[in-house]
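A.B. asks:
Protein chains: 4
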Amino acid sequence: MSVRVAILGQGLVATHFEVGLERFKAGEIGAHGVPLADSILPYKPEDIDVVVAYDVDEKKIGRNAYEVARDLLDDGREIPRTLKDIDVRMGIHMETLKGTPFKAKGLDDEMNVEEAVDTLIDEWRSRRVDVVVNVITTEHGEPLGTAEAFREAVAGGGANLSASHIYAYALAEYSTRHGSAAFVNAIPTPLANDDGVLELYGQNRAVVFGDDGATGATPLTADLLEHMAERNRKVGFIVQFNIGGNTDFLALTLPEKNAMKELTKSSIVDDILGYDAPHYIKPTGYLKPLGDKKFVAMHMDYLSFNGARDELYVFARINDSPALAGLLVDLVRLAKVAVIKGQWGTIYPVNAFYMKRPGPPGYRSIAKNVGYELLKRWVSGDIVDLTEFHGTPFVESSS
Amino acid sequence: MSVRVAILGQGLVATHFEVGLERFKAGEIGAHGVPLADSILPYKPEDIDVVVAYDVDEKKIGRNAYEVARDLLDDGREIPRTLKDIDVRMGIHMETLKGTPFKAKGLDDEMNVEEAVDTLIDEWRSRRVDVVVNVITTEHGEPLGTAEAFREAVAGGGANLSASHIYAYALAEYSTRHGSAAFVNAIPTPLANDDGVLELYGQNRAVVFGDDGATGATPLTADLLEHMAERNRKVGFIVQFNIGGNTDFLALTLPEKNAMKELTKSSIVDDILGYDAPHYIKPTGYLKPLGDKKFVAMHMDYLSFNGARDELYVFARINDSPALAGLLVDLVRLAKVAVIKGQWGTIYPVNAFYMKRPGPPGYRSIAKNVGYELLKRWVSGDIVDLTEFHGTPFVESSS
Amino acid sequence: MSVRVAILGQGLVATHFEVGLERFKAGEIGAHGVPLADSILPYKPEDIDVVVAYDVDEKKIGRNAYEVARDLLDDGREIPRTLKDIDVRMGIHMETLKGTPFKAKGLDDEMNVEEAVDTLIDEWRSRRVDVVVNVITTEHGEPLGTAEAFREAVAGGGANLSASHIYAYALAEYSTRHGSAAFVNAIPTPLANDDGVLELYGQNRAVVFGDDGATGATPLTADLLEHMAERNRKVGFIVQFNIGGNTDFLALTLPEKNAMKELTKSSIVDDILGYDAPHYIKPTGYLKPLGDKKFVAMHMDYLSFNGARDELYVFARINDSPALAGLLVDLVRLAKVAVIKGQWGTIYPVNAFYMKRPGPPGYRSIAKNVGYELLKRWVSGDIVDLTEFHGTPFVESSS
Amino acid sequence: MSVRVAILGQGLVATHFEVGLERFKAGEIGAHGVPLADSILPYKPEDIDVVVAYDVDEKKIGRNAYEVARDLLDDGREIPRTLKDIDVRMGIHMETLKGTPFKAKGLDDEMNVEEAVDTLIDEWRSRRVDVVVNVITTEHGEPLGTAEAFREAVAGGGANLSASHIYAYALAEYSTRHGSAAFVNAIPTPLANDDGVLELYGQNRAVVFGDDGATGATPLTADLLEHMAERNRKVGFIVQFNIGGNTDFLALTLPEKNAMKELTKSSIVDDILGYDAPHYIKPTGYLKPLGDKKFVAMHMDYLSFNGARDELYVFARINDSPALAGLLVDLVRLAKVAVIKGQWGTIYPVNAFYMKRPGPPGYRSIAKNVGYELLKRWVSGDIVDLTEFHGTPFVESSS
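Note that the protein sequences, when read in sequence, are chains A, B, C and D. Position 335, counted from 1, in the first sequence is what our numbering calls 335; the numbers after and before it change by one each time, with no gaps. Counting from 1 along the second sequence, just add 1000 to a position and that's the residue number in our numbering. Counting from 1 along the third sequence, just add 2000 to a position and that's the residue number in our numbering. Counting from 1 along the fourth sequence, just add 3000 to a position and that's the residue number in our numbering.
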C-alpha cells in the first residue's frame, strides 16, 4: 500500500522532498516539519514513493534525481543513492522560465499540446502514479472559469495557458482514462481557485489541492494576525519584507510573477482581521548569498485597551524548500485519502491549513491554527460546517 | 442589569480598567483589547460598574480613583470625572509590599484577620458587589490543599497566608452569607490552582478564575510554540527576556516573587510542545524609564524537514496594564455568567484562554488560540470534553 | 551676528527645523540631535534666523510657516507663533512634483527661468540671506560637468535642469552680485557631486555642501560596516529595507526618483569595506500610517576568525525629518563659517559626516565616525590630509 | 623572528586561537576577525607560535592541544595535526573553578605558591616564551594597589589572590630573571586596572595588556553609543541582554563572577555618553544549546531634534571564542612590539580598542572606533596626547 508520486519541477523543493523521505526511511532523521507525521492517516511517510520527476531545464532533463541533488544540496550529508531510480524527464514548458537565466525546453516545443498531454498520461500510467505534485517555478496564470473553456483552450493549442494548467489538464484526463488521481498545486497559479479546473475535476473524478503551499512568512503572519484578532486588538499597520536567494526569488524579480505572489500573501489581512489594515506585504528582493534560507522582517503596530499602542517586530531565517517539502509529505497522503473517499474537486479543510490561498474560489484565508482544527476534523471524518468561512454553503464539486 | 465590581489593588491595571471603561461608555474609545467585546455575552462592557477599590499604599488609602489616576496616568487625555465615585479603601496587607519602596498598612495591621474579613464582607454587601478582581502586586503564596486547612489557617491568624488568600477567603464567606459571587485572580498567587480554594468555593457556592492574567509575552510565546507544534517542528531552544519599569517588575527583582512568576511562564513549553525544549523564560529585570510599556526579546531555533534549521527572533513593546485591563472587561462579565449558571469552583475553558496558569491543578497550559476555541464553545453553552487537556476527566467542583 | 536662512521646500524637514529652533530659543527643548550644539563654532543655534521659505504646493504658497506647521505637525505641543514671520513664497517648479498627488506651480510656470532666477535673487537680497537650504522633495537630476554647460543650460531655458539646479544657479549668481553666500543641498540631486556646479561656485565665490543629508538608516549602516571593517571581518551579505509614510517615500515609489536614492545609499558598502559585499539596500516602500517615523530592518552576516559565521539583525523606528532638521542646525552655521573662511566650492570634511554622498566627485563615502573626526579637525582649523579618501589630492575649487 | 606564546586556559578561545593560526598558516582560511591582519606590524600572524598551554581541568592536563580540540570543536573541518606539539600542562588553580561542574587541580594544590611560580618560570624559560595570554574562566579578583602589597600577598601564600594574579606575578618575575616579556589579560580580573600590577611591571620591565577582551556585545554597544553621542542625541535608556551556552556563561551564573563582568560592561555608558543613561546591561543567563554562539538582544530609545523620540533594536548571534581568538592574533604581536619598544606597564592606546575595561586605572572606556584611531597612531609611532581620555595626563609606568 503506497502513494506513488510524480513530481513536476526537479528543483530544491522536489530534492528536499525526495532526499528527506529517503533519509526518514533510513532512520537518519525524524519527521520534523511534517504536521501529521504521527497521525491516524492510513498512509505513513515511508509509504510514499516518488516514481518520476519532470523539468524543463536542459541541464536536468535526462539525468536522475541523485545527480540533480548533488548539484543543488550542500548540507554536508550524503545524498541517498536510492534517488538514482528517479528519472528526470522532459516536462511542459509554455515559456515558464522566460526572463530567468535558465535554458529551457519542453514537450510542447517538440509536439502540440494535446500530444504532450498524451505523452504525460502514458508515462504516468506506466508508473501507476497516484498523485502529481506541482512545484515548478512561479509562473503567471489566469483562471479559466469553466471546464468548457479549459477544454477549448487546450484543444486550441494552449496558447495562453500556463504550464501548470497543462499539467492539471493531463491529470484530469489521466483520471478519466485510467482511474481517479490527485493533483497537489503548491505554487501560486490559480488551480484550486479556478472554477474551470474545479468543474473539470468534478466531471473527471479527480482531486486538486491548492493553491501555493503555505510556508515562509505567510503562515506565521496569519497566526500573528489571528492572535491580534482573538484579543480584538486594532492593527494599525503591518509591514512584511522578505528576500531570498533561490530560483523562486529570482523569478519574483520579474514584475508579473511578483504580482502573482503578492495577491496570495496580502489577502490574509482582511480575511483574518475582518478589516483591511494598512499593509505592505511583498516578496521584496533577491540576494544570491541568502540561498534557500530566506530572510523575513515584519513589523506590526496595534491598539490595545484604553488607547494603548503596542509594537511587534519579527525576524526570521527560514529554509524555504524543506518547509514546503515537509508539507508535501502530508499533502500527497491526504490527496490519496481524498481520492479513496471520492471527494472530487477540492477540499477546503485541507487547503485552509496547507495553502496560502485556499480554494475553492470565494473562500477566505484563515489563521493556520484555525485551519489546523478544521483539518483534524476532516481527517477524523467529522462533518464540518464551512458556512462561517464563506457567505454561501460550501458545495463540493462532486460527481 | 449590571456587573458590580470591587477591585483589589488600585494600581495601573485597576486605573486602566476604570478609565478605559468610562471612556468606552462615553464613546471616546472602541473596545480594542477586549476579546469578547462584541460577543453574545448577556452583559456588555458598559454594564460594568466598579463600586469600590482597595489598596495598602498609604498614599492611596482614603483617596478616590480619580485622584490616583491623575498621579499614575499620563497619556495626554483627560481622566473621566466619574472616577471620583470610586473610593480607595484600606485593604489586606499581610506584608505584601515588604521589600518594595512603598509605605503600606492594611486592615490586618489594625485588627485580627477574621475581623478584617468581616469588614470586607460588610463593605461588599453594602455595595452589592458581584465580582472581586485581584490585581495587587505580585506576592508569594503557597497552596493550602484542602478547604479545612484554609479555614484553619484563617482562624489561626493567617500567619503564612498571602493577602490574596485572605481576600479569596472573604469572597467565599461573602458568597455563603449574602449570595454567590466570583473572584477573578489576575496575579500569580495560586488560587484557581489550589485544591483548598476550589474545595472551599465548591462548598460555599462561589466562582474563582485564575491564575495570573495572560498578558505580555506569555500568550504570544504560547501561540508561537503552538505554531511550531502544529507543523511538528522540533524546537531546539527558546530564550525569552522581558524587562519593565512598573511596580510589578520592581517587585520581581525580589527573588521569591520572581520565582512565583517564572513558574507560570515556563510551564508552557512542555505543555504545548509535549517535550521540555531547553528554555530560558524569565522576567529579567527592572528599568524605570520603560515604565508600564515592557520590552520583550525572544529567540527560537527549530528543526524543519530534512534537517533544516530555522531561526525566529521577536521583539515587542507591550503596555502591560491596559492589556490586562482589557481582559478584565471580559473576565468580570464571564464571572457573573458563571455565577448565574451555578458553575462553582473554577472554569477551565475560561482560564485556558485568559490565564497564564489556568486552574484547576493538573490541567495543562495550552496555546491561546486553542483556548480561544474552548472559550467560545463554553460561552455558547456547548458541552466540552476536556479529557485531552488532562489525564483524568475534568470534574467541576459544583454544589 | 546671525545666520540668515532661506529654506527651499516648506515640508516636514523645514517645519521641524523652524519649530525646533524656536523651541530651543524659548528654552523648551535641548539641542538634542544637533551634533555640534555645544561646540566652538562662532555661531550658536540661537543665532539662526529663517527669513523666508519657498514651495510649489499651491496649498502652501502665500501662507506662513506657522499655518503650514499647524497642518503638518501633530506632536501635542504648541507651534511657536514667531513662525508667522516666515512667508512661504512661490519657488521653482520644473515639474518636480510630477507623479505625486500634489497640485503645484512655480515661478518658472509664470516667467522664463532667467527671470525666475532674478526674482529669487532680489528676494534673497532684500532679506540679506546668508545660506539657502534645499529640502525639496526628491527629484531626478543629472550632473552638468562644467560651469559653461551649466550657464548654457540656464540661458537655454533650463529644459532638462532640476529645480535644485535652478536654485543652486541662483545662489551662485546671488554670490557674484551681492556677496558670497552658501547653498546646503540636503537632497540626492547631485550638486556637490557635479563638477559643473563646483566650477561655477569656485568662479562665483560661493560655497555648496552636499549631497543628501545623512539621516535614517544609512549613517547607522555606515558605522556598522566600519565596525566590521575595523575588525577585518568578511561581510557575507547585507540587507537593508526601509519604508515610511511621508511625502519623500511617496515620491520614491516613482522608479526614477528611487534610482536616485538607491545610488547614494548603496555606494557605502564598497567605499567602507573596500570590497563590494553582496547587498540589497533600497528604499523599499510607502505605507501611510508610518508617517514621518520610518521603519528600517537590516540583516548582516559576516565571517569572524577561524571560519566562524555571525549574524546581526537591526530594527529601527526613526523620525526622519527631525533628524535632518537637527543636522541643518549645524550645516547652516558651518556654511557661514566656510563663507567667512573663503573656502569656495565644497568642503569634503563637512560633507563626509553630514551627507550620504559627500562631494566633490570621486571622493569616497566613509563611516560617519571617521567623518566625525575629520569634521572636528576642520572646525578647529587643522590642515587635513585628504589623500587617503581619494586617489588624487583634494584640490579645493577656490578663487 | 617569531612570537612565542604560552596560553593559560586550554578552552574554546585557546583552541580557536591555535586552530585558526594553523589553518591560516596552511592557507585554509583568511585572517578574518584579525583587525591588524594586513598592517605594518613587524610580525605577521604566521610568526606566532603557541609553545605551551596550561589548564586545571583534570581531563585536559597531560594531553595535547590536538586532543582537546577534537573534544571541543565540531565545525566539520579537520583539526590541524601540528597542535599535537602543544602540551597542556598543569596550571594555577586557586579554586578558580569552584562552583562549576569541572574537577580541577593545580600546581598550587601540590606545592606552595612561590614554588608554583618558580615552576612556571622554568617552563617558560625552557620554551623561550615571549608572551603569556590569559584566557582562563572568569574568576573573582581584587586589585592590590601597590607592588609591595602584591609581593607580600604572594610571599604570604597567596590566600586571597586570583589565579590570574599568580600568573601575572610569575610573568613579572620571569621578566626580571630572564628578560622582559608581556602578559595579555583577556579576562575581567583587574590586572591592567590594578596599580599594584602596573607598579610591579614598571619595576620589573614587563608589559601587561588588559582587561577583558572586547568581544561580544560590548564593542557593538560602545560604537552604537558613540553613534548617538556624535549626533548629540539624548539616550533615554539602554537594555542589553546576553545569554550563551559555553563555560564562561555557566561561570557567570555564579553571582560573584557575574558582578565582575557587569562592572566592565556597564561603565561604557557614562564613559561614552558623558552621562549615565538608565541602563540594564548584564550577562543574563546560561542555556546549553546556544553553545559558544551567544545571543544578544538590545534596545535603545533616544531623543532626536525637536523632541522626536526614536527606537533602535538589535539582535546578534556571535561566536564568542573565535572573536576573542582573532583579537589575540593582534595582541600577542602588539605585546612583543611593546616589549621591544620598552614601554613597561600598560599601553592605553592598545587597551582602548581591544579591551572592555582598558587600563590603566582612571582611564575611560571609549567607543571602539575612536580607540581604533588611537591604536593606529600608536602603531605608526605617533605621539598621542591622552589627556582627553582622563583628567590627568597619562604617565606610562616605565623604568
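Don't be surprised by glycine CBs; every beta carbon is placed ideally from N, CA and C.
Just how far apart, CA to CA, sit Ile2061(C) and Thr2015(C)?
C.D. replies: Taking the straight line joining both Cα atoms gives about 14 Å.
A.B. asks: Quick check: the Cα distance between Gly3009(D) and Asp3055(D), rounded to an integer number of angstroms?
C.D. replies: The alpha-carbon atoms of Gly3009(D) and Asp3055(D) are separated by roughly 5 Å.
A.B. asks: How about the stretch 222-241 of chain A and the stretch 175-188 of chain A: do they share at least three Cβ pairs that are nearer than 8 Å?
C.D. replies: Touching, no.
A.B. asks: If we cut at 9 Å on Cβ distances, does Asn3319(D) have a partner in chain C?
C.D. replies: Yes, its Cβ sits closer than 9 Å to a Cβ of chain C.
A.B. asks: Three or more beta-carbon pairs under 8 Å between the stretch 1277-1289 of chain B and the stretch 1242-1253 of chain B, yes or no?
C.D. replies: The stretch 1277-1289 of chain B, when compared against the stretch 1242-1253 of chain B, does touch it at the 8 Å Cβ threshold.
A.B. asks: Can you name the residues that DSSP bridges to Tyr2313(C)?
C.D. replies: Bridge partners of Tyr2313(C): His2299(C) and Phe3315(D).
A.B. asks: Please list, in chain order, the chain B residues whose beta carbon lies closer than 9 Å to that of Asn232(A).
C.D. replies: Those within 9 Å of Asn232(A) in chain B are Gly1030, Ala1031, His1032, Gly1033, Val1034, Pro1035, Leu1036, Ala1037, Asp1038 and Gly1326.
A.B. asks: Output, in chain order, the set of chain B residues within a Cβ distance shorter than 9 Å of Tyr313(A).
C.D. replies: By Cβ distance, chain B contributes Tyr1313, Val1314, Phe1315, Ala1316 and Arg1317.
A.B. asks: Assuming the contact rule is C-beta atoms closer than 8 Å, Ala53(A) and Ile7(A) should be a hit. Round their C-beta distance to whole Å, please.
C.D. replies: About 5 Å separates the two Cβ atoms, so the contact holds.
A.B. asks: In whole angstroms, what separates the C-alpha of Met2298(C) from that of Lys2368(C)?
C.D. replies: The straight-line gap from Cα to Cα measures roughly 18 Å.
A.B. asks: Assuming Met2094(C) and Ser2175(C) make a contact with CB atoms under 8 Å, what is their CB distance in whole Å?
C.D. replies: Not confirmed; about 21 Å, so no contact.
A.B. asks: Ends of the beta strand (DSSP E) at Phe1241(B)?
C.D. replies: Segment Lys1234 to Gly1244, the beta strand (DSSP E) holding Phe1241(B).
A.B. asks: Name, going along the chain, the residues of the stretch 2222-2256 of chain C whose beta-carbon falls closer than 7 Å to a beta-carbon of chain A.
C.D. replies: Of all residues in the stretch 2222-2256 of chain C, Gly2236, Phe2237, Val2239, Phe2241 and Ile2243 have a Cβ within less than 7 Å of some Cβ in chain A.
A.B. asks: Could you pull the start and end residues of the beta strand (DSSP E) that His279(A) belongs to?
C.D. replies: Residues His279 to Tyr286.
A.B. asks: Among the residues of its own chain, which have a CB less than 7 Å from the CB of Lys1025(B), if the five just before and after it don't count?
C.D. replies: Glu1046, listed in sequence order.
A.B. asks: Please report the residue range of the alpha helix (DSSP H) in which Asn2204(C) lies.
C.D. replies: Looking at the DSSP string, the run of the alpha helix (DSSP H) that includes Asn2204(C) is Asp2195 to Asn2204.
A.B. asks: If you follow the beta strand (DSSP E) that Phe1209(B) is in, where does it begin and where does it stop?
C.D. replies: That run of the beta strand (DSSP E) goes Val1207 to Phe1209.
A.B. asks: Can you tell me the Cα-Cα spacing of Lys84(A) and Tyr66(A), whole angstroms?
C.D. replies: Whole-angstrom Cα-Cα distance: 5 Å.
A.B. asks: Can you pull the chain C neighbours of Tyr280(A), defined as C-beta to C-beta under 7 Å?
C.D. replies: Simply Ile2243, Gly2285 and Leu2287.
A.B. asks: Starting from the C-beta of Asp276(A), find all residues in its chain whose C-beta is less than 7 Å away, skip the five residues before and the five after it, and write them out in chain order.
C.D. replies: The residues are Val269 and Asp270.
A.B. asks: Name, please, each residue of chain C whose Cβ falls closer than 7 Å to the Cβ of Ser3304(D).
C.D. replies: Going along chain C in sequence order, the residues near Ser3304(D) (Cβ under 7 Å) are His2032, Gly2033, Asn2319, Pro2322, Ala2323 and Gly2326.
A.B. asks: Asp408(A) CB to nearest chain C CB: under 9 Å?
C.D. replies: One cannot answer for residue 408(A) here, as it falls past the ends of chain A, which runs 1 to 399.
A.B. asks: Look at the alpha carbon of Val2408(C) and the alpha carbon of Tyr2043(C), and state the distance between them as a whole number of angstroms.
C.D. replies: The displayed coordinates of chain C run from 2001 to 2399. Any statement about residue 2408(C) would go beyond what the structure contains.
A.B. asks: I'd like to know whether the C-beta of Ala297(A) is nearer than 9 Å to at least one C-beta of chain C.
C.D. replies: So, interface residue.
A.B. asks: Measuring CB to CB, does Ala2159(C) end up less than 9 Å from Gly2196(C)?
C.D. replies: Going by C-beta atoms, Ala2159(C) is not nearer than 9 Å to Gly2196(C).
A.B. asks: Between the beta-carbon of Gly11(A) and the beta-carbon of Ile136(A), is there less than 9 Å?
C.D. replies: Closer than 9 Å, so yes.
A.B. asks: In chain order, what residues of the same chain have a beta carbon less than 7 Å from the beta carbon of Val2395(C), not counting five sequence neighbours either side?
C.D. replies: Its pLDDT being 34, under 50, Val2395(C) is placed unreliably in this model, and the coordinates cannot settle the point.
A.B. asks: So which residues of chain A does Arg1023(B) contact, with C-beta pairs closer than 9 Å?
C.D. replies: In chain order: Asn306 and Gly307.
A.B. asks: Return the CA-CA distance between Met228(A) and Leu1254(B), expressed in angstroms with no decimal places.
C.D. replies: Looking at the two C-alpha atoms, the distance is approximately 32 Å.
A.B. asks: For chain B, find out if any of its Cβ atoms is closer than 9 Å to the Cβ of Leu3290(D); answer yes or no.
C.D. replies: For Leu3290(D), the answer is yes, since a Cβ of chain B falls inside 9 Å of its Cβ.
A.B. asks: Would Pro1035(B) be called buried (16 or more neighbouring beta carbons within 10 Å of its own) or exposed?
C.D. replies: Looking at its Cβ environment, which holds 16 or more other Cβ atoms inside 10 Å, Pro1035(B) is buried.
A.B. asks: Starting from Val2117(C), follow the alpha helix (DSSP H) in both directions and report where the run begins and ends.
C.D. replies: Element bounds for Val2117(C): Val2113 to Ser2126.
A.B. asks: Roughly how many angstroms separate the alpha carbons of Pro1393(B) and Leu1386(B), rounded to a whole number?
C.D. replies: Since pLDDT at Pro1393(B) reaches only 32, below the 50 mark, its modelled position is unreliable, and the value read off the structure follows with that caveat. Those two C-alpha atoms are separated by around 7 Å.
A.B. asks: Take Tyr1984(C) and list the residues in its own chain whose beta-carbon comes closer than 6 Å to its own, dropping the five residues that flank it on each side.
C.D. replies: Given a span of 2001 to 2399 for chain C in the structure shown, any question on residue 1984(C) remains unanswerable.
A.B. asks: Taking 9 Å as the CB-CB limit, is Ala3367(D) close to chain C?
C.D. replies: Chain C, which has a Cβ nearer than 9 Å to the Cβ of Ala3367(D), makes this yes.
A.B. asks: Checking contacts by CB at 9 Å: is Ser399(A) closer than that to chain B?
C.D. replies: For Ser399(A), the predicted model reports a pLDDT of 30, less than 50, meaning its position is unreliable; a value from the coordinates is still stated below. It does not: the Cβ of Ser399(A) has no partner Cβ on chain B nearer than 9 Å.
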